[in-house]
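These notes are about the structure you will find just below.
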Amino acid sequence: MNKFISFLVLIFLLGCNSDKKSVDEKKRLDVFFTKSSDINLDKSLRLKYLDSIIHINEKIKNNDSLVIINYFKIANRFFMLLEYDRYKETTDKILELSRLNKDSVNMAKAEYYKGDYFFSTSQNDSAYYYYLAAEKKYEKTEDRVSLANTILHKAYILSYEKDFIGSESETIKVLSIAKTIGDDYLIYEAYTNLGSSLAGLENYEKALEYHKKALSQVDKLDDENYKPLLQAQALNNIGFAYLSSSNFKEASTFFSEGLKIENLKEIQPVLFSSLLDHYAYSRFKMNHKEGLKDFETALQVRDDINDVYGKINSRIHLTEYYLSKRDTAKALQFNQEANLLAKESSYNKEVLITLDFFTRLLPKQGLEYARAYIKLNDSLQNQERATRNKLARIAFETDEIIVEKEALSTQKKIILLTSLFIISLGVLLYIILYQRGKQKELLFEQEQQKVNEEIYTLMLKKQHEIDFARENEKLKIARDLHDNVLNKLASTRLNLFPLSKRQDEETIQKAIGQINGIINIESEIRLISHELAKEEFLNRNNFKTLVEELMENQKATYSVACEYDITDHEALENIGSAIKMHLYRIIQETLNNINKHANATKITVELYIQKEKLYLEIADNGVGFNVDKAKKGIGLKNIYMRTKEINGRIDVVSEKNKGTKITVKVRI
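Under our numbering, the letters of the sequence shown match residues 11 to 678, in that order.
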């Protein structure tokens, strides 16, 4: 007992230690996640914290959902640190785990993350493929926010690849979902992208309408810290639409409004420098002379933060500015810098703009630059067309794959249902056939029972006839003894009585004459003895006799040593006829089974009464059998059934190659 209590205490302590360890690891993870997100820490230190998180996460067992959640957090931090390769590596792990667990929700999220990786690394075709794959999975869930965000990123790619109509179509889907679920931020993003797509189609009037809707939508947002940035972005977009439509006055007004937002330079220097550069450019186009300072300030900010796209555009604007001032040297310097940066960064549209400026800045090489311009422009158009076709093909092939998968899934369902139907039909047929077999077996048993009863009835009838004949013989013998032998003995006694009184010659002669009478009496007694012998024969036809005859017949028929011992035969005759009949049949059936299956060389049968119980023991030295399996056979079933019908108990013991013993006990 003490050992058991000690064992329970040990288990409890181990469980406590395990729980404590889990809690400690969770606390460590929380601390490391917080540290890895701290923008005040050095990037290398934040990466070390992320490595520690990965190490802990890989040791978590039997909780894939927690592992996946942690991997998503890790991926987000790698993305914010611009560690795109490690971001992709982590996302691949999530995708692999999700596929193993058949977790379509996390698979969709991981594919969305992979789309972000390829979009951020300018691999738009791959990004489109993964966004599309994520979209198809999100369509089957209730997660409308993730679905809308995925479609929106597809729209961004289409807009980037100059497929403005496709981008507009996808963004309208996003707007519909966003309005249905009441997501104000998504509505803002949809309005913004619709404005940009329409501006790309040069439908500036509608573009301005949606950009202004986006500006109004900012007021509905809850995040007070984020609202100023979104407001500045909307003002910049409106100003740029006016600028693109050559309405420089309205453009400068909205750029100016954007620049009034407090601390914008510190919070979002990219957006600040864009507003300032656009403001300076719109005022330059309005022939204001004081725009140079704003151009230079915007350029300085962009150089400081290494905003490559901004650096190129600032230099292009300064090229145009100095060209208008006829300062060819300055204009050429900025244009060469812009051209070099654009080529290095694959900003081909900006390369075209610089080539156009070269034709004006270097007239002698104008034809050469013009040819380069035309060649690049044609190449860009072909590339854009090829990319749009590729994106359309990805969408088409993805839809085809989905249709094929659905068809395959339907086919599998049909095969499964057909298989289930066939199996069910087979099981039903088996049950019907089995039931019919059982019914036939039951009918056979009933018929056998009826035959057995008829046989025993005949046996009883025969026994009754034997008993009747025996009684008649007894009466006849009694009559013969009484009417004949006794009378003659009495007469002889009387005739011999005088001899006891006198022994004279005459008396002796008379006595001698009676000797013939005694001889006659002897003959009559002998005749009666013969009649009694016949009755003894009849006595042998009782239960004991039947069993003995069965055993002698066994000896005569089979070359197997057969021993039997039947005691208390008088008591046996007093038991019920049904018990006798069933015991006789059990012996008969058992001998039959031994002859057929046992390969025995010796059989022993004992029948005796002990403590008000009748015992029947049958043993052989044969090969034995599996009792559990043999119970299903008709022979052994009949033996069990007969024992049950006489309220007896049966015990069957069999051992391989050591023989079998059957014991039947019946209370009498």
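Glycine included, C-beta positions come from ideal geometry on N, C-alpha and C.
For this session: Please state whether DSSP places residue 568 in a helix, a strand or coil.
Result: Stepping through the sequence shown from its first residue, residue 568 is reached at position 558. Coil.
Exercise. Since residue 609 and residue 643 are thought to touch, with beta carbons under 8 angstroms apart, how far apart are those beta carbons, to the nearest angstrom?
Worked result: On the sequence shown, position 599 is the one that residue 609 refers to. On the sequence shown, position 633 is the one that residue 643 refers to. The pair is not a contact, with the Cβ atoms about 17 angstroms apart (cut-off 8 angstroms).
For this session: Please name the residue or residues paired with residue 645 in a DSSP beta bridge.
Result: To locate residue 645, count along the sequence shown from 1; it is residue 635. Paired residue(s): none; residue 645 is not in a bridge.
Exercise. In terms of residues, what are the limits of the alpha helix (DSSP H) holding residue 237?
Worked result: The residue given as residue 237 occupies position 227 in the sequence shown. Its alpha helix (DSSP H) spans residues 237–254.
For this session: Measure from the alpha carbon of residue 79 to the alpha carbon of each residue in 63, 652 and 138, then state which is nearest.
Result: In the sequence shown, residue 79 corresponds to position 69, counting from 1. With distances taken between Cα atoms, residue 79 lies closest to 63.
Exercise. Grouping DSSP H, G and I as helix and E and B as strand, with all else coil, what is residue 671?
Worked result: Stepping through the sequence shown from its first residue, residue 671 is reached at position 661. Reduced to three states, the DSSP call for residue 671 is strand.
For this session: Grab me the residues of residue 648's own chain with a C-beta within less than 7 angstroms of its C-beta, minus the 5 sequence neighbours each way, in chain order.
Result: In the sequence shown, the residue the question calls residue 648 occupies position 638. Within the same chain, residue 648 has close Cβ partners 599.
Exercise. Which one or two residues does DSSP pair with residue 629 in a beta bridge?
Worked result: In the sequence shown, counting from the first residue as 1, residue 629 sits at position 619. Beta-bridge pairing links residue 629 to 614 and 671.
Exercise. Taking the alpha carbon of residue 351 as the point to measure from, which residue in 373, 324 and 372 has its own alpha carbon closest?
Worked result: For the purposes of this step, residue 351 is taken as residue 341 along the sequence shown, with counting starting at 1. Among 373, 324 and 372, the Cα nearest to that of residue 351 is on 324.
For this session: State the beta-bridge partners of residue 624 as determined by DSSP.
Result: Numbered from its first residue, the sequence shown carries residue 624 at position 614. Residue pairing for residue 624: DSSP places it in a beta bridge opposite 619 and 676.
Exercise. Counting along the chain, where does the alpha helix (DSSP H) carrying residue 659 start and finish?
Worked result: Against the sequence shown, residue 659 aligns to sequence position 649. Taken as a continuous stretch (DSSP letters only), residue 659 belongs to no alpha helix (DSSP H), being part of the beta strand (DSSP E) at 659–665.
For this session: Kindly identify the DSSP beta-bridge partner or partners of residue 574.
Result: Position 564 of the sequence shown holds residue 574. Bridge partners of residue 574 according to DSSP: 615.
Exercise. Any idea if residue 611 is buried or exposed, counting beta-carbon neighbours within 10 angstroms, 16 or more meaning buried?
Worked result: Position 601 of the sequence shown, counted from the start, is the residue given in the question as residue 611. By the neighbour-count rule (16 or more Cβ atoms within 10 Å), residue 611 is not buried but exposed.
For this session: Give me the Cβ distance between residue 630 and residue 669, rounded to the nearest whole Å; I'm assuming they're in contact under 8 angstroms.
Result: Mapped onto the sequence shown, residue 630 falls at position 620. Mapped onto the sequence shown, residue 669 falls at position 659. With a contact defined as Cβ atoms closer than 8 angstroms, residue 630 and residue 669 qualify at about 5 angstroms.
Exercise. Do residue 244 and residue 225 have their CB atoms nearer than 9 angstroms?
Worked result: Residue 244 sits at position 234 when you count from the first residue of the sequence shown. Residue 225 sits at position 215 when you count from the first residue of the sequence shown. Between residue 244 and residue 225, the gap from beta carbon to beta carbon is short of 9 angstroms.
Exercise. How would you write the range of the alpha helix (DSSP H) that residue 74 sits in, first residue to last?
Worked result: The sequence position of residue 74 within the sequence shown is 64, counting from 1. Per DSSP, residue 74 belongs to the alpha helix (DSSP H) from 74–90.
Exercise. Where residue 259 and residue 153 are concerned, what is the direct C-alpha to C-alpha distance, given to the nearest angstrom?
Worked result: Taking the first residue of the sequence shown as 1, we reach residue 259 at position 249. Taking the first residue of the sequence shown as 1, we reach residue 153 at position 143. One C-alpha to the other measures close to 44 angstroms.
Exercise. What residue range is occupied by the uninterrupted alpha helix (DSSP H) comprising residue 305?
Worked result: Counting from one through the sequence shown, the residue named residue 305 turns up at place 295. 302–315 is the span of the alpha helix (DSSP H), which, as asked, contains residue 305.
Problem set entry | Contacts around residue 176, its chain only, beta-carbon distance under 6 angstroms, and the 5 residues preceding and following it disregarded | For this step, residue 176 is matched to residue 166 along the sequence shown. Cβ neighbours of residue 176 beyond the five flanking positions: 168.
Problem set entry | Separation of residue 273 from residue 123, as counted between CA atoms | As a working mapping, residue 123 is identified with position 113 in the sequence shown. As a working mapping, residue 273 is identified with position 263 in the sequence shown. Going by the C-alpha atoms only, they are around 32 angstroms apart.
Exercise. When burial is assigned at 16 or more other CB atoms within 10 Å of the CB, is residue 241 buried or exposed?
Worked result: What you label residue 241 is simply residue 231 of the sequence shown in a count that begins at 1. Its Cβ being crowded by 16 or more others within 10 Å, residue 241 is buried.
For this session: May I have the straight-line CA-CA distance separating residue 448 from residue 593, to the nearest angstrom?
Result: As a first step, residue 448 must be located in the sequence shown, where it is residue number 438. As a first step, residue 593 must be located in the sequence shown, where it is residue number 583. Taking the straight line joining both Cα atoms gives about 25 angstroms.
For this session: Measure the alpha-carbon distance for residue 436 versus residue 446 and round it to whole angstroms.
Result: Walking along the sequence shown from the start, residue 436 turns up at place 426. Walking along the sequence shown from the start, residue 446 turns up at place 436. Each residue's Cα considered, the two are about 15 angstroms apart.
Exercise. Does DSSP classify residue 365 as helix, strand or coil?
Worked result: Translated into positions along the sequence shown, residue 365 becomes position 355. In this structure, residue 365 counts as helix in the three-state DSSP scheme.
Exercise. Within 10 angstroms of its Cβ, does residue 103 collect 16 or more other Cβ (buried), or is it exposed?
Worked result: Residue numbering aside, residue 103 sits at position 93 when the sequence shown is read from its first letter. Its Cβ being crowded by 16 or more others within 10 Å, residue 103 is buried.
Exercise. Is the CB-CB distance between residue 617 and residue 564 below 9 angstroms?
Worked result: Walking along the sequence shown from the start, residue 617 turns up at place 607. Walking along the sequence shown from the start, residue 564 turns up at place 554. Remark: C-beta atoms of residue 617 and residue 564 do not approach each other more closely than 9 angstroms.
Exercise. Over what stretch of residues does the alpha helix (DSSP H) that includes residue 324 continue unbroken?
Worked result: Counted from its first residue, the sequence shown places residue 324 at position 314. Judged by DSSP secondary structure, residue 324 falls within the alpha helix (DSSP H) whose first and last residues are 318–334.
For this session: Determine, using beta-carbon pairs with one atom in the region 332–339 and one in the region 310–319, whether at least three such pairs fall under 8 angstroms.
Result: Result no; under three Cβ-Cβ pairs closer than 8 angstroms.
For this session: Take residue 363 and list the residues in its own chain whose beta-carbon comes closer than 7 angstroms to its own, dropping the five residues that flank it on each side.
Result: Residue mapping note: residue 363 aligns to position 353 of the sequence shown, counting from 1. These residues qualify, in order along the chain: 326.
Problem set entry | N- and C-terminal bounds of the alpha helix (DSSP H) containing residue 279 | In the sequence shown, the residue the question calls residue 279 occupies position 269. Judged by DSSP secondary structure, residue 279 falls within the alpha helix (DSSP H) whose first and last residues are 279–295.
Problem set entry | Own chain residues within Cβ distance below 6 angstroms of residue 143, not counting five before or after | The residue labelled residue 143 in the question sits at position 133 within the sequence shown. Once the five neighbours on either side are set aside, the close Cβ partners of residue 143 are 121.
Problem set entry | Cutoff 6 angstroms; reference residue 290; Cβ partners in own chain excluding five residues on either side | Taking the sequence shown and counting its residues from 1, the one referred to as residue 290 is at position 280. Cβ within range, chain order: 301, 304 and 305.
For this session: Output yes or no for whether 9 angstroms exceeds the beta carbon distance between residue 622 and residue 677.
Result: On the sequence shown, position 612 is the one that residue 622 refers to. On the sequence shown, position 667 is the one that residue 677 refers to. Their beta carbons are under 9 angstroms apart, which means residue 622 touches residue 677 by this criterion.
Exercise. Terminal residues of the continuous alpha helix (DSSP H) containing residue 101?
Worked result: The residue labelled residue 101 in the question sits at position 91 within the sequence shown. Looking at the DSSP string, the run of the alpha helix (DSSP H) that includes residue 101 is 94–110.
Problem set entry | Coarse secondary structure for residue 207, derived from DSSP in three states | Taking the sequence shown and counting its residues from 1, one reaches residue 207 at position 197. Three-state result, residue 207: helix.
Problem set entry | Sequence-distant residues of the same chain with beta carbon closer than 6 angstroms to residue 140, five excluded per side | Taking the sequence shown and counting its residues from 1, the one referred to as residue 140 is at position 130. Leaving aside the five residues that flank residue 140 on each side, the residues in its chain whose CB is nearer than 6 angstroms to its CB run, in chain order, 121, 124 and 125.
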